[in-house]
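Enquirer: To convert, note that position 15 of the sequence shown is 156 in the working numbering; the numbers rise steadily by one, no gaps.
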Amino acid sequence: MPFDILQMHERQQVTNDNFNRTEPSASQFNRMQQDILETLSASDRSDGERLRRHLQFFFMDPVTKWKLILFAELRMLHVDFMDETSTVIRHKFLKNWNDERDTLIYPPSSGRYSVYTGADIIDQFAFMVVAYYSIREDSFASFSYDTLRDQDARSSVQVDDPKFVGNISPDDIPPMKFCLKKIANVTIFNNTYEFDISEINGEESEEI
């Protein structure tokens with residue numbers, strides 16, 4: 142009896158070894174799937190591609206699944222950071238922006254965020270300019286200016302240079318740019334607006 146059990150175990154081990162040796166690699170498996178899809182018709186190939194994308198997560202090995210979960214967690218942290226930063230920027234640069242406008246449903250009950258007069262536009266621009274040049278003093282977050290944009294990439298930056306660390310003088314702050322995009326032409330035909338959005342002499346910009 143022990144001999145039979147040992148012999149059966151050896152036979153099973155040989156079978157497992159043969160299976161492991163004949164198991165295709167990931168690249169070979171993908172190539173086999175692609176060869177099968179190429180034999181199908183266009184509609185069946187589209188369904189096969191969709192089915193393969195849906196099933197690929199069920200046939201992942203544990204390491205690949207762990208990598209996917211780790212990537213998703215890191216990506217989610219990045220998405221949360223970007224969303225929170227965008228919220229801070231809106232509160233910082235948009236005049237009279239409040240928490241009600243941060244809701245996912247837009248426009249909120251208070252109405253659309255818009256301006257309708259020239260005086261309101263000027264007030265908006267003035268508010269943004271003041272907020273831009275005081276962003277390091279008035280914000281809790283670690284905002285800074287892009288002072289390296291106009292620097293030569295080959296030049297070395299001194300760590301103790303006050304232009305890059307600590308306080309920065311107003312002369313070293315990159316100026317804001319007011320960009321204006323115009324529509325080439327608008328015509329009304331059969332009660333329908335037709336817009337010509339071709340570019341007119343590039344994009345007009347003015348430093349502020």
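We put the beta carbon where it would ideally sit given N, CA and C, even for glycine.
According to DSSP, is GLU340 part of a helix, a strand, or is it coil?
Expert: Here GLU340 sits in coil by DSSP.
Enquirer: What residues are listed by DSSP as bridge partners for VAL256?
Expert: According to DSSP, which records beta bridges pairwise, VAL256 is partnered with nothing at all.
Enquirer: What three-state label does DSSP hand ILE314 in the structure shown?
Expert: Reduced to three states, the DSSP call for ILE314 is coil.
Enquirer: Does DSSP classify ASN365 as helix, strand or coil?
Expert: Coverage of the chain is limited to positions 142 through 349, which leaves residue 365 absent and any answer about it impossible.
Enquirer: Could you tell me the alpha carbon to alpha carbon distance between ASP188 and MET223, rounded to whole angstroms?
Expert: Distance between the alpha carbons of ASP188 and MET223: 36 Å.
Enquirer: Using the Cα positions of ARG193 and ILE263, report the straight-line distance between them to the nearest angstrom.
Expert: Taking the straight line from one Cα to the other gives about 55 Å.
Enquirer: I'd like to know if the region 233-252 and the region 268-287 are in contact, where contact means that at least 3 CB-CB pairs between them fall below 8 Å.
Expert: Enough Cβ pairs lie closer than 8 Å, so yes.
Enquirer: Under three-state DSSP, which class holds TYR286?
Expert: It is coil, neither helix nor strand.
Enquirer: Throw me the rounded Cβ distance for the ASP287 and PRO249 pair, which I believe falls under 8 Å.
Expert: Not quite, the Cβ-Cβ distance comes to about 32 Å (not below 8 Å), so this is no contact.
Enquirer: For LYS323 and PRO311, I'd like the C-alpha separation in whole angstroms.
Expert: Roughly 32 Å separates the two Cα atoms.
Enquirer: Which class does ILE329 belong to by DSSP, given the choice of helix, strand or coil?
Expert: In the structure shown, ILE329 sits in a strand (DSSP, three-state: E or B).
Enquirer: From MET217 to ARG277, what distance separates their C-alpha atoms?
Expert: Approximately 27 Å between the Cα atoms of the pair.
Enquirer: The alpha helix (DSSP H) spanning SER227 covers which residue range?
Expert: 203-234 is the extent of the alpha helix (DSSP H) around SER227.
Enquirer: Between the alpha carbons of PHE281 and LEU209, how many angstroms are there, rounded?
Expert: Rounded to whole angstroms, PHE281 to LEU209 spans 34 Å at the Cα level.
Enquirer: Grouping DSSP H, G and I as helix and E and B as strand, with all else coil, what is LEU245?
Expert: If DSSP states are grouped into helix, strand and coil, LEU245 belongs with coil.
Enquirer: At which residues does the alpha helix (DSSP H) containing SER187 begin and terminate?
Expert: Looking at the DSSP string, the run of the alpha helix (DSSP H) that includes SER187 is 183-196.
Enquirer: In whole angstroms, give me the CA-to-CA distance for ASP279 and ARG242.
Expert: C-alpha separation (whole angstroms): 21 Å.
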